[in-house]
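S.K.:
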Amino acid sequence: HRSGFDCAGRCFSGTKRSKHGISQHKPPFLLFQVAPYIPLLLRHLLSYIISKEQPYDILCFHQSSSMGLKTYFRKPGKDAQSPTEKGEDISPTPTTPACYTPRSRESAGLEGIPMQRLNDAKCDVMVNHVWSEQAKLLWNIGNDDEGVVIKKSRGQYVCCPPDLRRPDGFLEAVQALNVKSAMTVNTRVINILLQESHFSFMPIGDDLRLQILPDMSCLSRCAKHQFAAFIADRRLLVVWDDQPENLIARAEKIERGLMAMIWSSDTADETNEKSNKDSRVSIQELDMPQSEECLAEKPRRVVLLHSITTGLTLCLILVVLGAGYRKIVKEIAYDNSYTRLALIAVAPVTTWLAFFFFQALISNILQIFGPISQVQENTKYYSGLPPKRLSINGPLPHVTIQCPVYKEGLQTVIAPTVYSIKAAISTYEMQGGTANIFINDDGMQLLSAEEARARQDFYEEHSIGWVARPRHDPKGEHNPVPFLRRGKFKKASNMNYALWVSNRIEDKISAGGHRPDYWTQEDEVASYVRALEEVIEEDEGRTWADGNIRMGDYVLLIDSDTRVPTDCLLDAVSEMTHSPQVAIIQYSSGVMNVTESFFENGITFFTNLIYTQIKYGIASGDVAPFVGHNAILRWSAVQDIAYDCPDDSREKYWSESTVSEDFDIALRLQSSGYLVRFASYTGDGFKEGVSLTVYDELARWEKYAYGCSELIFHPFRYWPTRGPFTKLFRTFVMSGMPLPSKLTILSYIGTYYAIGSAWLFTLINYFIVGWFNEP
1 HRSGFDCAGR CFSGTKRSKH GISQHKPPFL LFQVAPYIPL LLRHLLSYII
51 SKEQPYDILC FHQSSSMGLK TYFRKPGKDA QSPTEKGEDI SPTPTTPACY
101 TPRSRESAGL EGIPMQRLND AKCDVMVNHV WSEQAKLLWN IGNDDEGVVI
151 KKSRGQYVCC PPDLRRPDGF LEAVQALNVK SAMTVNTRVI NILLQESHFS
201 FMPIGDDLRL QILPDMSCLS RCAKHQFAAF IADRRLLVVW DDQPENLIAR
251 AEKIERGLMA MIWSSDTADE TNEKSNKDSR VSIQELDMPQ SEECLAEKPR
301 RVVLLHSITT GLTLCLILVV LGAGYRKIVK EIAYDNSYTR LALIAVAPVT
351 TWLAFFFFQA LISNILQIFG PISQVQENTK YYSGLPPKRL SINGPLPHVT
401 IQCPVYKEGL QTVIAPTVYS IKAAISTYEM QGGTANIFIN DDGMQLLSAE
451 EARARQDFYE EHSIGWVARP RHDPKGEHNP VPFLRRGKFK KASNMNYALW
501 VSNRIEDKIS AGGHRPDYWT QEDEVASYVR ALEEVIEEDE GRTWADGNIR
551 MGDYVLLIDS DTRVPTDCLL DAVSEMTHSP QVAIIQYSSG VMNVTESFFE
601 NGITFFTNLI YTQIKYGIAS GDVAPFVGHN AILRWSAVQD IAYDCPDDSR
651 EKYWSESTVS EDFDIALRLQ SSGYLVRFAS YTGDGFKEGV SLTVYDELAR
701 WEKYAYGCSE LIFHPFRYWP TRGPFTKLFR TFVMSGMPLP SKLTILSYIG
751 TYYAIGSAWL FTLINYFIVG WFNEP
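So that you can map any letter, position 661 of the sequence shown is 661 in UniProt numbering, and since no number is skipped, the others follow by simple counting.
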């Protein structure tokens, strides 16, 4: 039932193949390699200088490099000479679906020409360079539809050689695929393999396989994020990438994978022959049919070390309090003054604020002298070892990568995250799975028209589905209909709105009734597009959306500044499939450093220390936390704990009345019988950014402290009518969560109050000691 919008990708770095087939390191980029393109660059610069005196038509700009100086003074509209060896400019009409949002027209003034000319020159040089490398590696034998295509801008392409422009050729296929760059690879090895293959995919080693398409016209409907495809009728390989400079490396990696697969088959045959002569028994695990009984894992054991740690912490607190009270009793016996007994009243608060410190002390001692083998095991709430992977020969679950964003920089923050996601999706698609990216853009309708257009073009180029809700306008000052973005930090309401739009589309598709047997993928795509258009029309322009925003079986939730491991999705869906009682798997995260500042290094050390303690605590038997990102969620479980919001009568999943929406949803899931698990087998593959300045860190602590206070206490004005404690806190206290885990969570919340009250208690203690101490 999935729609036909695919998205994935990754960038490979490889070595260069010599003429003898031996892998060598690439030589440095020498001057003689770019020397043939220097006249081309000078030509572009000269054209720009002349255009300052006389406007020059950009469309007449791409002509043969053999043209003379007089051609630069040709008036716009004159026929251009036919291109020769240089890449030819192609400006076809875009065939990709337009974005369902208002778009501003591009500026036609001279201010935009310098960057346009520079980009044109860069693309012309790059397409010729890649084409020359293609010829040098003997990947081009001169057949039709063999060459290189690079995208300059929306609907603007440059190709080499120029004859790729022919109808139904390689250029039109790349245009329909809508990628940044693409090239063909035609070798005798590929020709032989495709001649003998009768399957829809080609294995390339490490449980990866590459798609085989019947002809070039199928590129527009292929698994885009595999970043390559074999074309059966032409017997060649098509490779594409987000960066043109990575095309050669990606093609070489695929070629090495093919050869490694062939040689490994020969090695396996030799090994089998030797094993037949050996008297020892060889045991090989076979892929059996994956029924639910076979996939369900055995119940994991419960570790009690955390309970012991909590018990020792309570004992230590009692010892410390007893030592203090012993001194108070001695002083009362000395002067018969019972005023000191007032200190007993603050004992519960003191215990709450000090509990986390004493627990960390006991935990550190146990890490030094106690057992730590549980960190490398799989227990009820912890996964230290990767799961047994699902067979790639069967259908794999669909994964949606959900990423809420705001006003972060497109090229500096969002784009690197998208490239990291696409690398993971590329691996998963080559393993046989499918995935899509779903961005909840809360800043698009707040940005300028140019910035919003840049985001839309970026999302379209990378096959990203996205939803952008209206700006916060409770009084209707900017829109005819008032709109309220609920919540203090708005992340939860942003995700709820995007999921609400997605669910409405699903409802419209389901309303179409039962699908007939002849229902094809094209029919599914057409049905989805109609439903999306109807939803956009119903909202009368308030909702902006485009791309595939349908939800998969599992949801990988990330932040806008996240990096994910290249091979993580198959492990994630395998563990979720084996453990149907698990609703969330929270992954351990490393730190993504962007500077070498002293403060960032300090926060990096602090963050790594925190995750180390969390990993040890959960491996010892504590309940796993959910921190709101770098986690995979079971979509059916999230739907089970949905609630009807009384403010707008919509079904929602994330709490908009609290800052700690992650703690709220984890508590509701656990109250419904689901488990939250922590996984560390990915190492530091998941990465997150940290605060770069002390002000960012203080703002982060302020948010966490606000969320913790919001979880426990009502505002003071509601205490007379609602009481001091919130319903969520009362639910937490009465839930079936183990008592040691409840005490640990309460102690963590107490750390923020301990930090915030330190100066206040110090000041009060100063005056009390001065007032009550007798000389």
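By construction, the Cβ of each residue, glycine as well, lies at the ideal position given by its N, Cα and C atoms.
1) From the DSSP output, in three-state form, read off residue 776 for me.
2) Determine the direct distance from the alpha carbon of L570 to that of L353, and round the result to whole angstroms.
3) Flag this pair as yes or no: are the beta carbons of E697 and T562 separated by less than 8 angstroms?
4) Taking just the CA atoms, how far does F357 sit from E451?
5) Report the option in I755, T379, Y681 whose CA atom is closest to the CA atom of I618.
6) Could you check whether V148 and Y157 sit closer than 8 angstroms to each other, using their CB atoms as the reference points?
7) Just how far apart, CA to CA, sit V591 and V690?
8) Using the beta-carbon count (16 or more within 10 Å), is Y643 buried or exposed?
9) Is the beta carbon of S463 less than 8 angstroms from the beta carbon of K152?
10) Any idea what DSSP makes of T379, helix, strand or coil?
11) Would you check if there are 3 or more beta carbon pairs closer than 8 angstroms linking the stretch 215–229 to the stretch 418–429?
12) Drop a sphere of 10 angstroms on the beta-carbon of C315, count the other beta-carbons inside from all chains shown, and report buried for 16 or more, exposed for fewer.
13) Pick helix, strand or coil for H398, following the three-state DSSP scheme.
14) If we call anything under 8 angstroms between Cβ atoms a contact, is C403 one with T417?
15) Should K327 be labelled buried (16 or more other beta-carbon atoms within 10 Å of its own) or exposed?
16) Which first and last residues belong to the beta strand (DSSP E) in which D546 is found?
17) Where S636 and V582 are concerned, what is the direct C-alpha to C-alpha distance, given to the nearest angstrom?
18) Per DSSP, which residues does E688 bridge with? Please list them.
19) Going by DSSP in three states, C123 sits in which element: helix, strand or coil?
20) Could you tell me which uninterrupted alpha helix (DSSP H) segments, each at least 4 residues in length, are contained entirely in the stretch 653–723, listed from first to last along the chain?
21) Buried or exposed: L760, going by 16 or more other Cβ atoms within 10 Å of its Cβ?
22) Would I610 be called buried (16 or more neighbouring beta carbons within 10 Å of its own) or exposed?
23) Starting from S153, trace the beta strand (DSSP E) in both directions and tell me its first and last residue.
24) Below 8 angstroms, how does it come out for the stretch 572–580 and the stretch 385–394: are there three or more Cβ pairs, yes or no?
25) How should L343 be labelled, buried or exposed, when 16 other C-beta atoms within 10 angstroms of its C-beta is the threshold for buried?
26) Mapping DSSP to helix, strand and coil, what is L609?
27) Look up L210 in the DSSP assignment and say whether it is helix, strand or coil.
28) Taking the alpha-carbon of P738 as reference, which of R700, F605, S307 has the nearest alpha-carbon?
29) Judging by CA-CA distance, which residue of S709, F201, R154 is the nearest neighbour of Q116?
30) Is C218 helix, strand or coil by DSSP?
31) Per DSSP, F725 forms a beta bridge with which residues?
32) Taking three-plus beta-carbon pairs below 8 angstroms as touching, is the stretch 640–660 in contact with the stretch 705–723?
33) Any C-beta of chain E sitting closer than 8 angstroms to the C-beta of W771?
34) Can you look up F438 in the DSSP assignment and give me helix, strand or coil?
35) Determine the extent of the beta strand (DSSP E) in which L556 is found, giving its start and end residues.
36) Would the beta-carbon of I231 fall within 8 angstroms of that of L258?
M.R.: A quick look at the data gives this:
1) Any answer about residue 776 is impossible in this case: the structure gives the chain only from 1 up to 775.
2) Along the sequence shown, read from residue 1 onward, the residue named residue 353 stands at position 353. Along the sequence shown, read from residue 1 onward, the residue named residue 570 stands at position 570. The alpha-carbon separation between L353 and L570 amounts to approximately 42 angstroms.
3) The residue given as residue 697 occupies position 697 in the sequence shown. The residue given as residue 562 occupies position 562 in the sequence shown. In this structure, T562 does not lie closer than 8 angstroms to E697 by Cβ.
4) Position 451 of the sequence shown holds residue 451. Position 357 of the sequence shown holds residue 357. Rounded to whole angstroms, the separation of the alpha carbons of F357 and E451 is 48 angstroms.
5) To locate residue 618, count along the sequence shown from 1; it is residue 618. The shortest Cα separation from I618 among I755, T379, Y681 belongs to T379.
6) For the purposes of this step, residue 157 is taken as the residue at position 157 of the sequence shown. For the purposes of this step, residue 148 is taken as the residue at position 148 of the sequence shown. V148 sits away from Y157, with the two beta carbons spaced by 8 angstroms or more.
7) Counted from its first residue, the sequence shown places residue 591 at position 591. Counted from its first residue, the sequence shown places residue 690 at position 690. When rounded, the distance between both Cα atoms is 7 angstroms.
8) For this step, residue 643 is matched to residue 643 along the sequence shown. The residue in question, Y643, is exposed, as its Cβ has fewer than 16 Cβ neighbours within 10 Å.
9) As a working note, residue 463 is residue 463 in the sequence shown. As a working note, residue 152 is residue 152 in the sequence shown. Cβ distance not < 8 angstroms, so S463 and K152 don't count as in contact.
10) Here residue 379 refers to the residue found at position 379 of the sequence shown. The answer is coil: DSSP assigns T379 none of H, G, I, E or B.
11) They touch, by the three-pair rule.
12) Taking the sequence shown and counting its residues from 1, one reaches residue 315 at position 315. Per the 10 Å Cβ criterion, exposed.
13) On the sequence shown, position 398 is the one that residue 398 refers to. Here H398 sits in strand by DSSP.
14) Numbered from its first residue, the sequence shown carries residue 403 at position 403. Numbered from its first residue, the sequence shown carries residue 417 at position 417. It is a contact, given that the beta carbons lie within the stated cut-off.
15) What you label residue 327 is simply residue 327 of the sequence shown in a count that begins at 1. It counts as exposed.
16) Here the question's residue 546 lines up with position 546 in the sequence shown. Start and end: 544–546.
17) For the purposes of this step, residue 636 is identified with residue 636 of the sequence shown, where counting begins at 1. For the purposes of this step, residue 582 is identified with residue 582 of the sequence shown, where counting begins at 1. S636 and V582 have their C-alpha atoms roughly 11 angstroms apart.
18) The sequence position of residue 688 within the sequence shown is 688, counting from 1. T562, V591.
19) Taking the first residue of the sequence shown as position 1, residue 123 is located at position 123. Correct three-state label for C123: helix.
20) Residue ranges of uninterrupted alpha helix (DSSP H) with 4 or more members, entirely inside the stretch 653–723 and ordered along the chain, are 661–671, 694–712, 719–722.
21) Along the sequence shown, one-based indexing puts residue 760 at 760. Exposed, by the Cβ-count rule.
22) Along the sequence shown, one-based indexing puts residue 610 at 610. Around the beta carbon of I610, fewer than 16 other beta carbons sit within 10 angstroms, so the residue counts as exposed.
23) Locating residue 153 in the sequence shown gives position 153, where the first residue counts as 1. Unbroken beta strand (DSSP E) run through S153: 148–153.
24) Yes, they touch.
25) Reading the sequence shown from its first residue, position 343 is the one you call residue 343. The residue is exposed, with fewer than 16 neighbouring Cβ atoms inside 10 Å.
26) Residue 609 sits at position 609 when you count from the first residue of the sequence shown. Here L609 sits in helix by DSSP.
27) Residue mapping note: residue 210 aligns to position 210 of the sequence shown, counting from 1. For L210, the secondary structure class from DSSP, reduced to helix, strand or coil, is strand.
28) Residue 738 sits at position 738 when you count from the first residue of the sequence shown. Minimum Cα distance to P738 is reached at S307.
29) Indexing the sequence shown from 1 puts residue 116 at position 116. Of the residues S709, F201, R154, the one whose Cα lies closest to the Cα of Q116 is R154.
30) The residue you call residue 218 lines up with position 218 of the sequence shown. In this structure, DSSP gives C218 a helical state, which the three-state scheme calls helix.
31) In the sequence shown, counting from the first residue as 1, residue 725 sits at position 725. Under DSSP, F725 forms a beta bridge with F713.
32) Look at the beta carbons and you see the stretch 640–660 touching the stretch 705–723: at least three pairs across the two are nearer than 8 angstroms.
33) You won't find chain E in this structure, because it holds only one protein chain.
34) Along the sequence shown, one-based indexing puts residue 438 at 438. In the three-state scheme derived from DSSP, where H, G and I count as helix and E and B as strand, F438 is classed as strand.
35) The sequence position of residue 556 within the sequence shown is 556, counting from 1. Element bounds for L556: 554–557.
36) Indexing the sequence shown from 1 puts residue 231 at position 231. Indexing the sequence shown from 1 puts residue 258 at position 258. Taking 8 angstroms as the Cβ cut-off, I231 and L258 do not qualify as a contacting pair.
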